[in-house]
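A.B. asks: Each protein sequence line maps, in turn, to chains S and R. Residue numbers 1 to 538, in the working numbering, belong to the letters of the first sequence in order. Residue numbers 1 to 538, in the working numbering, belong to the letters of the second sequence in order. Cβ atoms here follow ideal geometry from the backbone N, Cα and C, with glycine treated the same way. Submitted below is the structure of interest, expressed as structure tokens.
2 protein chains.
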Amino acid sequence: MNQVKIFDTTLRDGTQGEGISLTVEDKLKIARKLDELGVHYIEGGWPGSNYKDIEFFERVKELPLQHAKISAFGSTRRKGIPAKEDTNLNRILETGVSVASIFGKSWDFHVETAIQTTLEENLAMIADSVSYLKSHGLEVIYLAEHFFDGFKHNEAYALNTVKAAAAAGADCVVLCDTNGGTLPDGIAAAVGRVCKELSIPVGIHAHNDCELGVANTLAAVQAGARHVQGTFNGLGERCGNANLCSVIPNLQLKMQYRCVTDDQLAGLTQTARYISEIANIHVSPNQPFVGASAFAHKGGIHVSAILKASSTYEHISPELVGNKQRVLVSELAGQSNLLAKAQDLNLDVTRQTDKTKAVIEQIKALEHQGYQFEGADASLELLLREAFGELEHIFTLESFKLLVEKSGDNPFLSEAFVKVRVHGESIFTAAEGNGPVNALDNALRKALVKYYPAIAHMHLADYKVRVIDEKDATAAKVRVLIETTDYKNSWNTVGVSDNIIEASWQALVDSIRYALIGKERSAIAEDAPFGKAGLINH
Amino acid sequence: MNQVKIFDTTLRDGTQGEGISLTVEDKLKIARKLDELGVHYIEGGWPGSNYKDIEFFERVKELPLQHAKISAFGSTRRKGIPAKEDTNLNRILETGVSVASIFGKSWDFHVETAIQTTLEENLAMIADSVSYLKSHGLEVIYLAEHFFDGFKHNEAYALNTVKAAAAAGADCVVLCDTNGGTLPDGIAAAVGRVCKELSIPVGIHAHNDCELGVANTLAAVQAGARHVQGTFNGLGERCGNANLCSVIPNLQLKMQYRCVTDDQLAGLTQTARYISEIANIHVSPNQPFVGASAFAHKGGIHVSAILKASSTYEHISPELVGNKQRVLVSELAGQSNLLAKAQDLNLDVTRQTDKTKAVIEQIKALEHQGYQFEGADASLELLLREAFGELEHIFTLESFKLLVEKSGDNPFLSEAFVKVRVHGESIFTAAEGNGPVNALDNALRKALVKYYPAIAHMHLADYKVRVIDEKDATAAKVRVLIETTDYKNSWNTVGVSDNIIEASWQALVDSIRYALIGKERSAIAEDAPFGKAGLINH
Numbered sequence: 001m002n003q004v005k006i007f008d009t010t011l012r013d014g015t016q017g018e019g020i021s022l023t024v025e026d027k028l029k030i031a032r033k034l035d036e037l038g039v040h041y042i043e044g045g046w047p048g049s050n051y052k053d054i055e056f057f058e059r060v061k062e063l064p065l066q067h068a069k070i071s072a073f074g075s076t077r078r079k080g081i082p083a084k085e086d087t088n089l090n091r092i093l094e095t096g097v098s099v100a101s102i103f104g105k106s107w108d109f110h111v112e113t114a115i116q117t118t119l120e121e122n123l124a125m126i127a128d129s130v131s132y133l134k135s136h137g138l139e140v141i142y143l144a145e146h147f148f149d150g151f152k153h154n155e156a157y158a159l160n161t162v163k164a165a166a167a168a169g170a171d172c173v174v175l176c177d178t179n180g181g182t183l184p185d186g187i188a189a190a191v192g193r194v195c196k197e198l199s200i201p202v203g204i205h206a207h208n209d210c211e212l213g214v215a216n217t218l219a220a221v222q223a224g225a226r227h228v229q230g231t232f233n234g235l236g237e238r239c240g241n242a243n244l245c246s247v248i249p250n251l252q253l254k255m256q257y258r259c260v261t262d263d264q265l266a267g268l269t270q271t272a273r274y275i276s277e278i279a280n281i282h283v284s285p286n287q288p289f290v291g292a293s294a295f296a297h298k299g300g301i302h303v304s305a306i307l308k309a310s311s312t313y314e315h316i317s318p319e320l321v322g323n324k325q326r327v328l329v330s331e332l333a334g335q336s337n338l339l340a341k342a343q344d345l346n347l348d349v350t351r352q353t354d355k356t357k358a359v360i361e362q363i364k365a366l367e368h369q370g371y372q373f374e375g376a377d378a379s380l381e382l383l384l385r386e387a388f389g390e391l392e393h394i395f396t397l398e399s400f401k402l403l404v405e406k407s408g409d410n411p412f413l414s415e416a417f418v419k420v421r422v423h424g425e426s427i428f429t430a431a432e433g434n435g436p437v438n439a440l441d442n443a444l445r446k447a448l449v450k451y452y453p454a455i456a457h458m459h460l461a462d463y464k465v466r467v468i469d470e471k472d473a474t475a476a477k478v479r480v481l482i483e484t485t486d487y488k489n490s491w492n493t494v495g496v497s498d499n500i501i502e503a504s505w506q507a508l509v510d511s512i513r514y515a516l517i518g519k520e521r522s523a524i525a526e527d528a529p530f531g532k533a534g535l536i537n538h
Numbered sequence: 001m002n003q004v005k006i007f008d009t010t011l012r013d014g015t016q017g018e019g020i021s022l023t024v025e026d027k028l029k030i031a032r033k034l035d036e037l038g039v040h041y042i043e044g045g046w047p048g049s050n051y052k053d054i055e056f057f058e059r060v061k062e063l064p065l066q067h068a069k070i071s072a073f074g075s076t077r078r079k080g081i082p083a084k085e086d087t088n089l090n091r092i093l094e095t096g097v098s099v100a101s102i103f104g105k106s107w108d109f110h111v112e113t114a115i116q117t118t119l120e121e122n123l124a125m126i127a128d129s130v131s132y133l134k135s136h137g138l139e140v141i142y143l144a145e146h147f148f149d150g151f152k153h154n155e156a157y158a159l160n161t162v163k164a165a166a167a168a169g170a171d172c173v174v175l176c177d178t179n180g181g182t183l184p185d186g187i188a189a190a191v192g193r194v195c196k197e198l199s200i201p202v203g204i205h206a207h208n209d210c211e212l213g214v215a216n217t218l219a220a221v222q223a224g225a226r227h228v229q230g231t232f233n234g235l236g237e238r239c240g241n242a243n244l245c246s247v248i249p250n251l252q253l254k255m256q257y258r259c260v261t262d263d264q265l266a267g268l269t270q271t272a273r274y275i276s277e278i279a280n281i282h283v284s285p286n287q288p289f290v291g292a293s294a295f296a297h298k299g300g301i302h303v304s305a306i307l308k309a310s311s312t313y314e315h316i317s318p319e320l321v322g323n324k325q326r327v328l329v330s331e332l333a334g335q336s337n338l339l340a341k342a343q344d345l346n347l348d349v350t351r352q353t354d355k356t357k358a359v360i361e362q363i364k365a366l367e368h369q370g371y372q373f374e375g376a377d378a379s380l381e382l383l384l385r386e387a388f389g390e391l392e393h394i395f396t397l398e399s400f401k402l403l404v405e406k407s408g409d410n411p412f413l414s415e416a417f418v419k420v421r422v423h424g425e426s427i428f429t430a431a432e433g434n435g436p437v438n439a440l441d442n443a444l445r446k447a448l449v450k451y452y453p454a455i456a457h458m459h460l461a462d463y464k465v466r467v468i469d470e471k472d473a474t475a476a477k478v479r480v481l482i483e484t485t486d487y488k489n490s491w492n493t494v495g496v497s498d499n500i501i502e503a504s505w506q507a508l509v510d511s512i513r514y515a516l517i518g519k520e521r522s523a524i525a526e527d528a529p530f531g532k533a534g535l536i537n538h
């Protein structure tokens, strides 16, 4: 059987990660997106543990899901009571889900130390709980917590716990490496053994504490597991769960298992980024398969080779997972990176050789001063367009003043005064801010918004400062990188100076100029009194 | 043989990661730290590719390294010329290193497509280059680029390339999964085969494109590799290199190989965080082993269990890698570290329990606001001394104003006006600077130098800014870290605010206050007209 079922627990185990907190709305949005991607199960939460999850199970019924079954999480019954009196199990039934995923203990040490009961009672807790849920018609996924640690310390007992679940009617037994400390060999041996002992499907639930969450999941599938649990972007407690963004393409593209359709797989990158946006969690750009850098090439040799054949430095075609190739411009790269970028912009770099050489010299000189364009695509584009005479200047800075003041115990005061010339008019504005850059940003927008109303809808999403030459720190050069977004797109700009305000100002101005290239230029033509006669220089 | 050699390429392959740019100073600092950790090789850069790397190799000779050998990177000779005429190989010799790591092609597709030569000439390029470097007495590590892809497509040819390197005298052959697309099984099979064919040590260089960089490295060691390449925090091109922060503890704690001493291993977390600070790269808190969340417990069940026995939810003792357990009920990690620090300063933390509690509460509150004392020992010391009444306040800030101005094409102007009270005298100074922080620094020193002449001899050595909360970038909080030196010692201070000037000011003031605790207090007693009667507050 070549099919592997994907069980997503982003909404349950994922939310146990540090700094992760999802509203019910967030969870519903993510559930819908996961369903589009084609996962088979979505674990929505633990109804026995909090009321937010109960509301989720109520409202998720209204979603028009196409693929995924919703599962509710819980534990086996408490020691010493009948299953039907266990609140936690009854809460699962009350949600009205068709699938329950309940966890129980496999490790004798945990039975005796953590829940403090006998090994026999623990087996009864497992069997009773599974039977009870089955008797109400649910599909039951049994999660064997700490299975691998248990298997290592008391193999016979660990096996008895999963046999008890299977005998009681569980539809699937999932082996959990709860502490994330097992290596792939240990995973494969235990999964292989359980697959021999049981006639129902076996699953894997791996954590990433040894940076082996994905490897352990793949090893389990090779050993016979056909149900895989994980989270998007590897969210989850401590070091997170097995990352489905890597598990799915590895299984499907490298190991020829079937998880989702090819079209669904092409939605992987977008799904991962969407979930990171909703969860407001910074996802590393170098995340495999779906990260912004996953197919980004910087070294000059690599770039000149991928221009000959992508497969020279790419292990898969990025489009298969909905990602794309990027060529970064940097001091490490030769000309080939820059030419590739210019071609992207439809600038004719082949025939206009003088211009091409001049702009390459200019970029080299700027990089030598400390500019870095690989993190500032928008500034690079402005520079290239300018070199090729394709950039219209929209406003001129006449002057600005910035005042930061502190007196006694009063709070800091930041005020900016900006004088710009736009469409022949000289505009003088003043604005306050939480800090100097914020004050400048506010004053500059205030000056421009009359002619370019769309800039009201963009805002700065990230602001980074880096000292380039540290020999004499406060007199040293700094590089400022700014990310700006208009909620649909985002773009990055750079400024360098030995004055942090000047560097910030350059990056701010570029971010606005870039925004005005595209949609604003056409808007100006239609709306603005002076048409497209945008003027010289910032 | 149980020893595995660690070859760090953070300074070479690591810098090919997007957004990573290290100065020569940065590289020297990192080299020193890697040496302390006990890595066996540090690959410093590619002298044939850029001048910054040549400067690094010159200056690294001055460092008192204890453990690590420095290696210079390069390629095999160009096609069609003798090795001795190859600039790139000669540049390696010119650096004066004792180890060279040179890469060559293993994959017939690459030979024909990327470098466009014959399979025979490629073998000659490998053999000639290795022989040439060996004839100059270097230890030569041969990097078989794309070995696993080559082995899959043309096994015999791939094997011939590494045999050519070995026959020419290479000291070690490292098999590279350059595109990061191979799974652990494929790695193990190829490494096992090469180990049988060659009598010299075999190494592994894995990338993380399938989120298997660590797993592939471990699989290679199990198959016989005894030399492991990777980077700290997994920095590197695209999805990064195999992460040594996970590779080392897995090999040493889980697989019983020897990489570094136990004491060195206990420095792993600090090394990882230090490198991330220097590289100014955000390292995910959920990074295995060394991340701030790696042993952080959030779930209620987990927390109550770890209070009974840590091993219930921890796969190793965090202290083994210098990390620590955190229970996310409290923001403050490592109260014991704090107490240890106070004891270092001879502050009596055992008997003065009210003071101790108060200062812990204060630090908790500050950490919650975004302060971070790990990189700011001097600020922490000031805080502790203040809590224990051992700090004399030397000056009071009455007010300051900062003006930054830009008019037309004139250069930026930065002026600061500072009013402080020192020894009963109110001093009002004005100073210019290259930027606002420099202007403030100059004005503040000008005000204090009359009473404290020694501050003329200290200067700021480093200035770093980081946005803490990225939700609304220019209005977000920033953390400023400043390093100050008086040419003998250096110390670090911190400031946090949503105003970058305020945060810088706090760190500046702390850096001067700290300088005045030690030598200045005694200097004052001898030289200053008002003796030690240093006054209240900054």
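#1: Identify every residue that forms a DSSP beta bridge with S:SER497.
#2: In whole angstroms, what is the alpha-carbon distance linking R:ALA525 and R:ALA456?
#3: Going along chain R in order, which residues have a C-beta closer than 7 Å to the C-beta of S:HIS40?
#4: Which residue wins for smallest C-alpha separation from S:VAL260, given the options S:PRO288, S:ALA219, S:ILE70 and S:LEU37?
#5: Return the chain-ordered list of same chain residues with a C-beta closer than 6 Å to the C-beta of S:LEU22, the five sequence neighbours on each side being excluded.
#6: In the structure shown, what three-state DSSP assignment does R:SER317 receive?
#7: Does S:GLY180 get closer than 7 Å to chain R when you measure Cβ to Cβ?
#8: Measuring only the C-alpha atoms, how far is S:VAL512 from S:ALA294?
#9: Quick one: residues in its chain with C-beta nearer than 6 Å to the C-beta of R:ARG430, no 5 flanking neighbours on either side, listed in chain order?
#10: Would you call the CB atoms of R:ALA188 and R:ALA219 closer than 7 Å?
#11: Report the rounded CA-to-CA distance for S:LYS33 versus S:ASN489, giving the unit in angstroms.
#12: Taking S:PRO82 as the query, report the chain R residues whose CB atoms sit under 7 Å from its CB, ordered along the chain.
#13: Between S:ASN208 and the ligand MN, is the CB less than 6 Å from at least one heavy atom?
#14: Have a look at S:VAL321, S:THR9, S:SER414 and S:LEU175 and flag the residue whose alpha-carbon is nearest the alpha-carbon of R:LEU402.
#15: Across the region 420–434 of chain S and the region 435–442 of chain R, are there enough close Cβ pairs to call them in contact, namely three or more that are closer than 8 Å?
#16: Assess contact between the region 245–258 of chain R and the region 307–316 of chain S, defined as three or more Cβ pairs (one per stretch) separated by less than 8 Å. Is contact present?
#17: Using the C-alpha atoms, what's the distance from R:ALA387 back to R:TYR452?
#18: For R:THR9, collect the residues of the same chain with a Cβ closer than 6 Å to its Cβ; drop the 5 residues on either side in sequence, then sort them by chain order.
#19: Where DSSP assigns a beta bridge to S:THR95, which residues make up the other side?
#20: Could you name the residues of the region 203–216 of chain S whose beta carbon sits closer than 9 Å to any beta carbon of chain R, in the order they occur along the chain?
#21: Along the region 221–248 of chain R, where does the CB come closer than 7 Å to a CB of chain S? Name the residues.
#22: May I ask you to list, following chain order, the residues of the region 395–429 of chain R that have a beta carbon less than 8 Å from some beta carbon of chain S?
#23: What span of residues does the alpha helix (DSSP H) with R:PHE388 cover, start to end?
#24: With DSSP collapsed to three states, give me the class of S:VAL173.
#25: Return the first residue and the last residue of the beta strand (DSSP E) that R:VAL465 is part of.
#26: Taking the straight line between their C-alpha atoms, what separation do you get for S:LYS419 and S:ASN442?
#27: Put R:THR10 into one of helix, strand or coil per three-state DSSP.
#28: Would you identify the three-state DSSP class for S:LYS69, choosing helix, strand or coil?
#29: To the nearest angstrom, how far is the alpha carbon of R:LYS163 from that of R:GLY224?
#30: Taking one C-beta from the region 56–63 of chain S and one from the region 132–140 of chain S each time, how about it: are there three or more such pairs within less than 8 Å?
#31: Assuming R:LYS406 contacts S:PHE400 under a Cβ cut-off of 8 Å, what Cβ separation, rounded to an integer in Å, is found between them?
#32: Under 7 Å between beta-carbons, which chain S residues line up against R:GLU314? List them in chain order, please.
C.D. replies: Per the coordinate set shown:
#1: Residue 497 of chain S sits at position 497 when you count from the first residue of the first sequence. Answer by DSSP bridge pairing, in chain order: S:VAL478.
#2: Numbered from its first residue, the second sequence carries residue 525 of chain R at position 525. Numbered from its first residue, the second sequence carries residue 456 of chain R at position 456. For R:ALA525, the predicted structure reports a pLDDT of 34, less than 50, and the residue's modelled location is therefore unreliable. A value from the coordinates is still provided. Cα to Cα, R:ALA525 sits roughly 18 Å from R:ALA456.
#3: Residue 40 of chain S sits at position 40 when you count from the first residue of the first sequence. For S:HIS40, no chain R residue has a Cβ inside 7 Å of its Cβ, as the nearest lies near 21 Å away.
#4: Residue numbering aside, residue 260 of chain S sits at position 260 when the first sequence is read from its first letter. Here the closest residue by C-alpha is S:LEU37.
#5: The count along the first sequence starts at 1 and reaches residue 22 of chain S at position 22. Cβ within range, chain order: THR15.
#6: For the purposes of this step, residue 317 of chain R is taken as residue 317 along the second sequence, with counting starting at 1. Here DSSP, grouped into helix, strand and coil, assigns R:SER317 to coil.
#7: Numbered from its first residue, the first sequence carries residue 180 of chain S at position 180. In terms of beta-carbon proximity, S:GLY180 lines the interface with chain R, with at least one pair separated by less than 7 Å.
#8: Reading the first sequence from its first residue, position 512 is the one you call residue 512 of chain S. Reading the first sequence from its first residue, position 294 is the one you call residue 294 of chain S. Position check: residue 512 of chain S holds Ile in this sequence, whereas Val was assumed. S:ILE512 and S:ALA294 have their C-alpha atoms roughly 28 Å apart.
#9: Here residue 430 of chain R corresponds to residue number 430 of the second sequence, with the count starting at 1. For clarity, residue 430 of chain R is Ala in the given sequence; the question names Arg instead. Closer than 6 Å at Cβ, skipping near neighbours: PHE417.
#10: Here the question's residue 188 of chain R lines up with position 188 in the second sequence. Here the question's residue 219 of chain R lines up with position 219 in the second sequence. With contacts defined as CB atoms closer than 7 Å, R:ALA188 and R:ALA219 qualify as a contacting pair.
#11: In the first sequence, counting from the first residue as 1, residue 33 of chain S sits at position 33. In the first sequence, counting from the first residue as 1, residue 489 of chain S sits at position 489. Each residue's Cα considered, the two are about 20 Å apart.
#12: If you number the first sequence from 1, residue 82 of chain S lands on position 82. Per Cβ cutoff of 7 Å: no residues; S:PRO82 is ~22 Å from chain R at best.
#13: Absence of the ligand MN from the depicted structure is noted, as is the absence of any ligand whatsoever, leaving it without description.
#14: Here the question's residue 402 of chain R lines up with position 402 in the second sequence. Out of S:VAL321, S:THR9, S:SER414 and S:LEU175, the CA that lies nearest to the CA of R:LEU402 is found in S:SER414.
#15: The region 420–434 of chain S, when compared against the region 435–442 of chain R, does not touch it at the 8 Å Cβ threshold.
#16: Segments in contact, no.
#17: Indexing the second sequence from 1 puts residue 452 of chain R at position 452. Indexing the second sequence from 1 puts residue 387 of chain R at position 387. When rounded, the distance between both Cα atoms is 24 Å.
#18: Against the second sequence, residue 9 of chain R aligns to sequence position 9. Result list for R:THR9: GLU43, GLN229 and THR231, in chain order.
#19: In the first sequence, residue 95 of chain S corresponds to position 95, counting from 1. According to DSSP, S:THR95 bridges with nothing at all.
#20: Cβ contacts with chain R come from HIS207, ASN208, ASP209, CYS210, GLU211, LEU212, GLY213, VAL214, ALA215 and ASN216.
#21: Answer in chain order: GLU237, ARG238, CYS239, GLY240, ASN243 and SER246.
#22: If the cut-off is 8 Å between Cβ atoms, the region 395–429 of chain R has LEU397, GLU398, SER399, PHE400, LYS401, LEU402, LEU403, VAL404, GLU405, LYS406, SER407, GLY408, PHE412 and SER414 near chain S.
#23: Numbered from 1 along the second sequence, position 388 holds the residue referred to as residue 388 of chain R. Counting along the chain, R:PHE388 falls outside any alpha helix (DSSP H), and DSSP gives it neither H nor E.
#24: To locate residue 173 of chain S, count along the first sequence from 1; it is residue 173. Secondary structure of S:VAL173 (DSSP, three-state): strand.
#25: Position 465 of the second sequence, counted from the first residue, corresponds to residue 465 of chain R. First-last of the beta strand (DSSP E) with R:VAL465: 459–467.
#26: Within the first sequence, residue 419 of chain S is the residue found at index 419, counting from 1. Within the first sequence, residue 442 of chain S is the residue found at index 442, counting from 1. So the two alpha carbons sit approximately 13 Å from each other.
#27: Residue mapping note: residue 10 of chain R aligns to position 10 of the second sequence, counting from 1. If DSSP states are grouped into helix, strand and coil, R:THR10 belongs with coil.
#28: Translated into the one-based positions of the first sequence, residue 69 of chain S becomes position 69. Three-state DSSP puts S:LYS69 in a strand.
#29: Here the question's residue 163 of chain R lines up with position 163 in the second sequence. Here the question's residue 224 of chain R lines up with position 224 in the second sequence. Roughly 17 Å separates the two Cα atoms.
#30: Too few Cβ pairs lie closer than 8 Å, so no.
#31: Along the second sequence, one-based indexing puts residue 406 of chain R at 406. Along the first sequence, one-based indexing puts residue 400 of chain S at 400. Approximately 5 Å separates the beta-carbon atoms of R:LYS406 and S:PHE400; this is inside 8 Å, confirming the contact.
#32: Numbered from its first residue, the second sequence carries residue 314 of chain R at position 314. In chain order: ASN179.
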